[in-house]
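Asks: Respectively, the protein sequence lines represent chains A and B.
The first sequence finishes on residue 529 if you use the numbering used here, and the numbering steps up by one all the way, no holes.
The second sequence finishes on residue 286 if you use the numbering used here, and the numbering steps up by one all the way, no holes.
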Amino acid sequence: MQANKPENFTQNVTDALAQPDLKMIIRRTTDKAEAKRTDAIANFPEFEKARAQGQKVKDHTIKHMDHYLAEFEKNALAQGTIVHWASTAEEASKIVLDICREHKAKKVTRSKSMLGEEIGLTHAFDNSDIERIETDLAEHIIQLAGDPPSHIIWPAMHRSREDVVKLFREFHSDPTYSEEITDLVRSARRDLRTKFLTSDIGISGSNFLLADSGSSCTVTNEGNAELTITPPKVHIVTAGIEKLVPSMAHAIPLLRLLTRSATGADITQYITFHNGPKRKNDADGPEECHIVLVDNGRTKMLAEGMEEMLRCIRCGACMNHCVVYKHIGGHAYGSVYPGPMGSVLTPHLQSLEVANKQTHACTMNGRCEDVCPVNIPLPKLLRSLRAQSWQKKYEPLTNRFFVKFFGQLAKRPQLFQLFSSCGVIFMKIFSRNGWIKFMPFTSGWTKNRDLIEPETTTFMHQYKKLKNLKVMERKL
Amino acid sequence: MNKHISDMSREKIFNAIKSAKPTITADAKTIEDEALELLKESEFARPQLMSEDATEALMLRIDAGLVIGTTCEKISTLDMLPHSVKQFFDRNSLPAELKVQSVEPLNKLNWQGITTDIDIVNDNTVGLCWAEYGVAETGSFVAHSSPEMPILLNFLPLYLIAIIPKSKILHYMDDYALIANEIAKKKQTPRNMCLISGVSGTTDIEGVLVKGAHGPEVLHIIIVEDE
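#1: Hey, is residue 151/A's beta-carbon within less than 9 Å of any beta-carbon in chain B?
#2: Under 9 Å between C-beta atoms, does residue 97/A make it to chain B?
#3: Going along chain B in order, which residues have a C-beta closer than 8 Å to the C-beta of residue 238/A?
#4: Take the Cβ of residue 340/A as the centre, count every other Cβ of all protein chains shown within 10 Å, and call the residue buried at 16 or more, exposed below.
#5: Mapping DSSP to helix, strand and coil, what is residue 96/A?
#6: Can you give me the C-alpha to C-alpha distance between residue 87/B and residue 120/A, rounded to a whole angstrom?
#7: Is residue 227/A close to chain B, meaning its C-beta is less than 9 Å from at least one C-beta of that chain?
#8: For residue 410/A, does the count of other Cβ atoms within 10 angstroms reach 16, so buried, or fall short, so exposed?
#9: Answer with yes or no whether the minimum CB distance from residue 224/A to chain B is below 9 Å.
#10: Which first and last residues belong to the beta strand (DSSP E) in which residue 426/A is found?
#11: Given residue 508/A, which residues of its chain have a CB within under 8 Å of its CB, disregarding the five upstream and five downstream residues?
#12: Assign residue 230/A to one of two classes, buried (16 or more other C-beta atoms within 10 Å of its C-beta) or exposed (fewer than that).
#13: If the cut is a Cβ gap below 8 Å, which residues of chain B does residue 169/A touch?
#14: Fully enclosed by the segment 355-394 of chain A, which alpha helix (DSSP H) runs are 4 residues long or longer?
#15: Can you give me the C-alpha to C-alpha distance between residue 134/B and residue 112/B, rounded to a whole angstrom?
#16: Throw me the rounded Cβ distance for the residue 159/B and residue 153/B pair, which I believe falls under 8 Å.
#17: Output needed in chain order: residues of the segment 103-118 of chain B with a Cβ under 7 Å from some Cβ in chain A.
#18: Cβ of residue 458/A less than 9 Å from any chain B Cβ?
#19: Which whole-angstrom value describes the C-beta separation of residue 136/A and residue 346/A, a residue pair presumed to lie in contact below a C-beta threshold of 8 Å?
#20: In chain order, what residues of the same chain have a beta carbon less than 7 Å from the beta carbon of residue 107/A, not counting five sequence neighbours either side?
#21: Can you say whether residue 354/A is buried or exposed, counting buried as having 16 or more other CB atoms within 10 angstroms of its CB?
#22: Could you check which residue in 98/A, 256/A, 421/A, 72/A has the C-alpha nearest to that of residue 150/A?
#23: Determine the direct distance from the alpha carbon of residue 374/A to that of residue 73/A, and round the result to whole angstroms.
#24: Using a Cβ-Cβ distance cut-off of 9 Å, determine whether residue 79/B contacts chain A.
#25: Classify residue 192/B as helix, strand or coil using the three-state DSSP reduction.
#26: Give the straight-line distance between the Cα atoms of residue 69/A and residue 92/A, rounded to the nearest whole angstrom.
#27: Who are the neighbours of residue 101/B on chain A, taking C-beta pairs under 8 Å?
#28: Along the chain, where does the beta strand (DSSP E) that runs through residue 202/B open and close?
#29: By the three-class DSSP mapping on this structure, what secondary structure does residue 173/A have?
#30: Strictly below 9 Å CB to CB, what residues from chain B border residue 447/A?
#31: What does a CB cutoff of less than 7 Å around residue 496/A pick up in its chain, not counting 5 residues either side in sequence?
#32: Take the Cβ of residue 142/B as the centre, count every other Cβ of all protein chains shown within 10 Å, and call the residue buried at 16 or more, exposed below.
#33: Could you work out which residues of chain A lie near residue 71/B, taking near to mean beta carbons separated by less than 7 Å?
#34: Please return the same chain residues whose Cβ sits closer than 6 Å to the Cβ of residue 132/B, not counting the five positions on each side in sequence.
#35: With 9 Å as the threshold, decide whether the Cβ of residue 214/B is near any Cβ in chain A.
#36: Give me the residue from 251/B, 226/B, 197/B with the minimum Cα distance to residue 321/A.
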């Protein structure tokens, strides 16, 4: 599957809505995640306090980011980790590839990392002579399918069991002929086992970076991060600079929030703190450890008043609860990060010019903010991006014309009421059985869904009528 | 070349952070005090345990099925461990083969009737490991990498038995963070500190939970009272 581009958002959405099963496939996972999160929060009455604490931890770290980055670097170096810095995605990707080439690596294993996707690491490896092996089951599936991820927690949620059966039969060395999900997972286990043990370099992301120890922390349910990192001679971590927290004690409240918000579990099965290369005489572990600290738009967010977005711990709760995401899925966004958090991040990671349409793909119902474990005001940030998009004249001319026209009308109440009354009459002409299937100037809406028939008169007219009635009642 | 790029990027990143409005330059002591203040909230922002006693809370959590794929038992002395392991083999219809972590308390036990040195790369292996700590809040055990603790022992076998001395069971993850901090002060931080809370699982195909994705499918925790 060819990756969509963010600038083609409208077309991507049209294509997504045309896929008959996509909505059902998305809802199968997101609805379950939503229900499980609700249960997890109900069983954790201290959640709001934890949320407030998590927000404070992130805000404190962001406020003193230079201090904590310097601390992290000092302590990571003391642990024997080699620290690299990258301003851009290209730089980060190049650093990782160069380390692999220096070690003459032929095969690298990689545990799921959204930052790896963000910096284009998967493409960089695919365009090199180094074999990339994704070890997270979902990433393994989409690698075999040639798909981009469609969700940050369940990247292969758009693929059905039947798709997986076909892929595994085609690509696994000892495939299963069963269609049972358990057997499919076993097939992947067999296929990946030797790859884990023969890899030259293991690459991981990091859920948290601990400033006081220079440690990186991975969080998985499969245990593939540890299997990716431990057997090879070299471990490379790629991490965004916003992953910092002061210490392990500060990461713990965020871990409580992360897993409950992501999957509805109280805790994930495997949380590992990695502290540099193996110690003398250690039974296993890599001999060399590198960490690539990546900016790629994060300091720009800090400078542009979007620092609240840097709190994000990548749980995916906002997309699981987003009515737009549930209809169109992740690929339509044309970015590594879909859903509400992606609509705020992508304009900074790429540009607002190419990703401004995503900022409008929001009903402003506020559910994303309600469920965010670190209280990111996503609707506010999206509104701010919409305002920037307007100021930079990225909106289509027709939109600009109609918004300006509306602005003029709204300033003239009588004219506004006249137009509204005419509008109601106009809409009534096209309504059938309570719905409007087609009407001039509204194809953007009616192409994919019907418009509801308006009331007989305008709101203002009804309001006046009601007010008059009340006055009469009082007189009586 | 990369060193040059990296140095330039470092400078660029620090300059950008310093010039950004939300960041505040403060002395290290002020920042540290502020960070410590935040931790005072942890006491009120963590879940209630199922019992005030840490061991009981951990066992209750596992018995309630809240730790995926995990069972638990308590033995009064370490000498009883080989017998418990044999029962585990019987319950799971496994051959009496075990990869025992090479630590003194386990080495000196009588493993008669059990093959104890097998290759953990074999998929059907049963691994036996000595946990550093247990955590009641999450039903976890903690493993530290060391010359005697191959991390892969916790991840390659399909079956895993973890021994936790009762005295090492902590109430909350925060208690473990305090211990990790003390270890760091002594400059003895191990390469890996793993909090393991259940078995390797995935819901990546149609949201259906499957155990034993890459690592253990079955985890049995044995708490030893006399340690």
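The beta-carbon is built from N, C-alpha and C at its ideal position, and this holds for glycine as well.
Bear in mind that the values here come from a model prediction, so they are computed numbers and not experimental data.
Replies: By the coordinates alone:
#1: Within the first sequence, numbered from 1, the residue matching residue 151/A stands at position 98. Chain B, which has a Cβ nearer than 9 Å to the Cβ of residue 151/A, makes this yes.
#2: Counting from one through the first sequence, the residue named residue 97/A turns up at place 44. At least one C-beta of chain B is nearer than 9 Å to the C-beta of residue 97/A.
#3: Taking the first sequence and counting its residues from 1, one reaches residue 238/A at position 185. Those are 261, 264, 269, 271, 272, listed as they occur along chain B.
#4: Residue numbering aside, residue 340/A sits at position 287 when the first sequence is read from its first letter. Here residue 340/A is exposed: its Cβ has fewer than 16 other Cβ atoms, across all protein chains shown, within 10 Å.
#5: Position 43 of the first sequence holds residue 96/A. Coil.
#6: Mapped onto the second sequence, residue 87/B falls at position 28. Mapped onto the first sequence, residue 120/A falls at position 67. So the alpha carbons of these two residues sit roughly 8 Å apart.
#7: Here residue 227/A refers to the residue found at position 174 when the first sequence is read from its first residue. Not an interface residue.
#8: Position 357 of the first sequence, counted from the start, is the residue given in the question as residue 410/A. Buried, because 16 or more other Cβ atoms sit within 10 Å of the Cβ of residue 410/A.
#9: Start at 1 with the first residue of the first sequence, and residue 224/A comes out as number 171. No, its Cβ sits nowhere closer than 9 Å to a Cβ of chain B.
#10: Translated into positions along the first sequence, residue 426/A becomes position 373. First-last for residue 426/A: undefined, no H or E at that position.
#11: As a working mapping, residue 508/A is identified with position 455 in the first sequence. Cβ neighbours of residue 508/A beyond the five flanking positions: 477, 515.
#12: For this step, residue 230/A is matched to residue 177 along the first sequence. That one is exposed.
#13: Working through the first sequence from its first residue, we reach residue 169/A at position 116. Those do not exist, as residue 169/A stays about 17 Å from chain B at its closest Cβ, beyond 8 Å.
#14: 370-373, 376-381
#15: On the second sequence, residue 134/B is found 75 positions in, with the first residue counted as 1. On the second sequence, residue 112/B is found 53 positions in, with the first residue counted as 1. Here the alpha carbons of residue 112/B and residue 134/B stand approximately 17 Å from one another.
#16: Here residue 159/B refers to the residue found at position 100 of the second sequence. Here residue 153/B refers to the residue found at position 94 of the second sequence. Not really, about 15 Å apart at Cβ, beyond 8 Å.
#17: 103, 104, 105, 106
#18: For this step, residue 458/A is matched to residue 405 along the first sequence. By this cut-off, residue 458/A is not an interface position.
#19: Counted from its first residue, the first sequence places residue 136/A at position 83. Counted from its first residue, the first sequence places residue 346/A at position 293. Confirmed, Cβ separation roughly 7 Å.
#20: Translated into the one-based positions of the first sequence, residue 107/A becomes position 54. 306, 307, 310, 426, 427.
#21: Taking the first sequence and counting its residues from 1, one reaches residue 354/A at position 301. The residue in question, residue 354/A, is buried, as its Cβ has 16 or more Cβ neighbours within 10 Å.
#22: Here the question's residue 150/A lines up with position 97 in the first sequence. Ranking 98/A, 256/A, 421/A, 72/A by Cα distance to residue 150/A puts 256/A first.
#23: Residue numbering aside, residue 73/A sits at position 20 when the first sequence is read from its first letter. Residue numbering aside, residue 374/A sits at position 321 when the first sequence is read from its first letter. Straight-line Cα distance between these residues: approximately 21 Å.
#24: By 1-based counting over the second sequence, the position of residue 79/B is 20. It does; some Cβ of chain A falls within 9 Å.
#25: In the second sequence, counting from the first residue as 1, residue 192/B sits at position 133. Residue 192/B: strand per DSSP, three-state reduction.
#26: Within the first sequence, residue 69/A is the residue found at index 16, counting from 1. Within the first sequence, residue 92/A is the residue found at index 39, counting from 1. Taken atom to atom, the span from the alpha-carbon of residue 69/A to that of residue 92/A is near 31 Å.
#27: One-based indexing of the second sequence puts residue 101/B at position 42. Counting only Cβ-Cβ distances below 8 Å, residue 101/B has contacts in chain A at 106, 302, 305, 306, in chain order.
#28: Counting from one through the second sequence, the residue named residue 202/B turns up at place 143. First-last of the beta strand (DSSP E) with residue 202/B: 199-203.
#29: Position 120 of the first sequence, counted from the start, is the residue given in the question as residue 173/A. The three-state secondary structure of residue 173/A, taken from DSSP, is coil.
#30: Along the first sequence, one-based indexing puts residue 447/A at 394. In chain order: nothing, as chain B lies at least about 24 Å away.
#31: Mapped onto the first sequence, residue 496/A falls at position 443. Within the same chain, residue 496/A has no close Cβ partners at all.
#32: The residue given as residue 142/B occupies position 83 in the second sequence. It counts as exposed.
#33: Residue 71/B sits at position 12 when you count from the first residue of the second sequence. Here the neighbours are 140.
#34: The residue labelled residue 132/B in the question sits at position 73 within the second sequence. Here the set comprises 281.
#35: Sequence index remark: in the second sequence, residue 214/B carries index 155 (1-based). So, interface residue.
#36: To locate residue 321/A, count along the first sequence from 1; it is residue 268. Checked all of 251/B, 226/B, 197/B; the closest Cα to residue 321/A is 197/B.
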